[in-house]
Amino acid sequence: MSGKVGMIKILSGRPDLLLILLSIILVACRTEIEVPTLVPAAQVPAAEAPPTQLPTSTPVPTSTSTPIVDTPTPTQTPTPTVTPVIPRIEETPFAQSGVNITSPRENAEIVQGHEAFVGGFVQLGPSETLSVILVSATGQTLAVADVDLHQFSNWEGTLDFPVSYSGSAWVVARVLDSDAGIIAQDSQAVALARNPEVEDRYLDLYRPEVGKAVVAGYNMFFDGWVHNPVNNLIAISLWSDNCQVQKAVQSFRLRGSGYWQGFLVIPSDVSGPACAIAHFGEEGEEDRREVQIEVDVLQPSADDAVGVLVGNPPPDSVVEPGSTLLLYGTSYNAPDGEVRITILSEDGRLVTEGITSADIFGYWELSLFIPVEAGGVTEIAAEIGDKDDDSYAEHRIVIQIEPGS
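If you want it as structure tokens, here you go:
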């Protein structure tokens, strides 16, 4: 995924741009999943431009509007046209019918509106054909390649994909018999990036990041950028079982375009590969925008189920000296729930520090005063556990401290 969070400037004395509002509600697909209580809500700015003021020491308020929550039903689970997890075959030599993909490379980025070259080698038997498609992480067919076969058993073609989708995807090549049965297949993971030239309507998802581990029973943090969302409504969700079963969903209204954040509690029964999805608009409609990100869900008992993340301020934010900065984020398996925050200047001098506690879902927050003499490039470090053992984890982001105009 590409994309960066825009610069966010903090100006004191501007309560009208003070806090991003979100409500956190867990909705599970099955009635036996325990629905946790509300966790502190993230906050959403209303302006088209990056907000000019980050949260101060004021606690995260409860939303003034009732969040709209979509309760999943069996009809909401998309019917996949291809299973996204596709076993590879032996590439060469071909003793019988077979296919492989040599282009694009693994995790290559494909940009909307630009043709993507695909190619490889194939061995076809009588009455067999080659099919090459682009599928989303949930198995939806996004594009079909026009494939040419050449001498020496090589094939090539081009793929394009609609502006409605971005995120994790797969290029899939298949050898089919005369009845469309699959004889052999190969797949390659790719990343589909939004075309920056498409400005009328879009949705970006910065976090969670592709392939990052998250932990069941804890909050998963979402953030990104949105422009012209349908009905000012965004939904975030988690899908398990090869990204085919929706396990949790949360919908919330924004006050317009701009930077957005959200939290979603991961059900305790989810484990293994999953998809974090953000979307707005109805599926199949022209104004639909959706981002799918493949993540790995760990059980809390896993050895590496330890982590911490700074959600606010976002990376590259601009903070005003002499103001109080509200920091918040998530943590996994923090010993005694303790989260330590340290803010250091570029030359390593301590700007400020503090300690806070995470709740049972891993949410933490802490207000710290930024001294008036602070300035320049600054690093925020969040840490949990002891550096000498496996309980330790950290997350670091860089911000800019500079006076307001």
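Numbering-wise (this note's numbering), the sequence shown opens with residue 6 and increments by one. Ideal Cβ positions, reconstructed from N, Cα and C, are used throughout, including at glycine.
L197 versus D165, R179, V219 and N224, residue with shortest Cα-Cα distance: D165
Could you check how far apart the C-beta atoms of V137 and V123 are, in whole angstroms? I think they sit under 8 Å. 6 Å
Coil, strand or helix - V235 by DSSP: helix
Are the stretch 353-365 and the stretch 246-261 touching by the rule of at least three beta carbon pairs closer than 8 Å? no
Quick test of your reading: G334 and V315, contact by CB under 8 Å. State the CB separation rounded to the nearest angstrom. 5 Å
Relative to the ligand MN, is the shortest distance from any of its heavy atoms to the C-beta of D394 smaller than 7 Å? No copy of the ligand MN occurs in the structure displayed, which carries no ligand at all.
So, for L371: in the same chain, excluding its five sequence neighbours on each side, which residues have a beta-carbon less than 7 Å away from its beta-carbon? L332, I346, G359 and T361
Would you check if the distance between the CB atom of A174 and the CB atom of S141 is smaller than 8 Å? yes
So, at 8 Å on beta carbons, what are the nonlocal neighbours of L181 in its own chain, with the 5 sequence-adjacent residues on each side left out? E133, T134, L135, S136, I187 and I188
Return the bridge partner residues of E384 from the DSSP annotation. L349 and V403
Buried or exposed, going by whether 16 or more other CB atoms sit within 10 Å of the CB of T383? buried
Can you name the start and end residues of the beta strand (DSSP E) that C248 belongs to? Here C248 belongs to no beta strand (DSSP E), and DSSP marks it neither H nor E.
Those runs of the beta strand (DSSP E) which lie wholly inside the stretch 134-181 and span at least 3 residues: 134-141, 146-149, 151-154, 159-164 and 170-181
To which residues of the same chain is P376 closer than 8 Å at the C-beta, ignoring the five residues directly before and after it? P326, G327, V356 and T357
Distance between V250 and A148 (C-alpha atoms, nearest Å): 23 Å
Please look up how many angstroms separate the CB atoms of N236 and G261, rounded, as I've assumed it's under 8 Å. At roughly 12 Å, the Cβ-Cβ gap does not stay under 8 Å, so N236 and G261 are not in contact.
Starting from H119, follow the beta strand (DSSP E) in both directions and report where the run begins and ends. It is not in any beta strand (DSSP E) - H119 carries neither H nor E in the DSSP assignment.
With a threshold of 16 other CB atoms inside 10 Å of the CB of H284, please say whether the residue is buried or exposed. buried
Looking at the unbroken beta strand (DSSP E) that takes in A281, where does it start and where does it end? G277 to F285
Nearest to D151 by CA position, among Q128, V168, A121 and S396, is which residue? A121
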